[in-house]
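Residue numbers (the numbering used here): 1128 to 1315.
Ideal Cβ placement from N, Cα and C applies to all residues, glycine included.
Below: one structure, written as structure tokens.
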């Protein structure tokens, strides 16, 4: 993964897989334990990254969730997703596609965030969302009917909706030490 200012990458003739529109990093906030996430902090970091990108939640097509598959962390993350994205998705009548690379390759601990970014860059480049493996019995700890999200269970085309609108995705990563981060990526 190589990061360069866009103008420099273009001038150097690099193959550009995607562009960072915005990002945010925050402390995970107070919680009742080291492994217990704070929903407010997760919501705040997503909103801050969207603000940094100067876009609203309705512009995001796909969310690469932290998605550890735990009965505590995933419901908290989905509550933050609902708080940020629900109103715009319900208004638009189109669900937010959501997945996590961890279902394909495991957690990877400190490399989990960069693995999510690489997955999204490949999705942007190929215009496809891969299936979320093993999504047969959704977590009973998540109120799925209230969430305007869809989890792709088969390869799904991700066309850009118009020449003036790029594919846009968010990537969440939450560190064990309490760091929460969100990056907004767009097709090149």
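Give the C-beta separation of residue 1320 and residue 1192 to the nearest angstrom, bearing in mind that I take them to be a contact with Cβ-Cβ under 8 Å.
No information on residue 1320 is available, as it lies outside the stretch 1128 to 1315 that the chain covers here.
Output yes or no for whether 7 Å exceeds the beta carbon distance between residue 1145 and residue 1312.
yes
Are the Cβ atoms of residue 1189 and residue 1213 separated by less than 7 Å?
no
Select from 1275, 1276 and 1294 the residue whose C-alpha is nearest the C-alpha of residue 1284.
1294
Is DSSP giving residue 1158 helix, strand or coil here?
coil
Check the C-beta distance from residue 1150 over to residue 1185 and give it rounded, since I have them as a contact under 8 Å.
Rounded, the Cβ-Cβ distance is 19 Å, inconsistent with contact.
Checking 7 Å against the spacing of the C-beta atoms, do residue 1247 and residue 1211 come in under that value?
no
Around the C-beta of residue 1227, are 16 or more other C-beta atoms found within 10 angstroms, so that it is buried, or is it exposed?
buried
What residue range does the alpha helix (DSSP H) around residue 1299 cover?
Run containing residue 1299: none in the alpha helix (DSSP H); it sits in the beta strand (DSSP E), 1295 to 1301.
Between the C-alpha atoms of residue 1238 and residue 1310, what's the straight-line distance to the nearest angstrom?
15 Å
Buried versus exposed call for residue 1254 [16 or more other C-beta atoms within 10 Å across all chains shown]
exposed
Go through its chain and collect everything with a Cβ distance to residue 1240's Cβ below 6 Å, but skip five positions before and after it.
1300
Where does residue 1242 land, buried or exposed, given buried means 16+ other C-beta within 10 angstroms?
buried
Assigned secondary structure, residue 1312 (DSSP; H/G/I helix, E/B strand, else coil):
strand
Would you report the Cα separation of residue 1198 and residue 1270, rounded to the nearest angstrom?
12 Å
CB-CB under 8 Å to residue 1182, same chain, minus the five flanking residues each way: which ones, in chain order?
1148, 1149, 1295 and 1311
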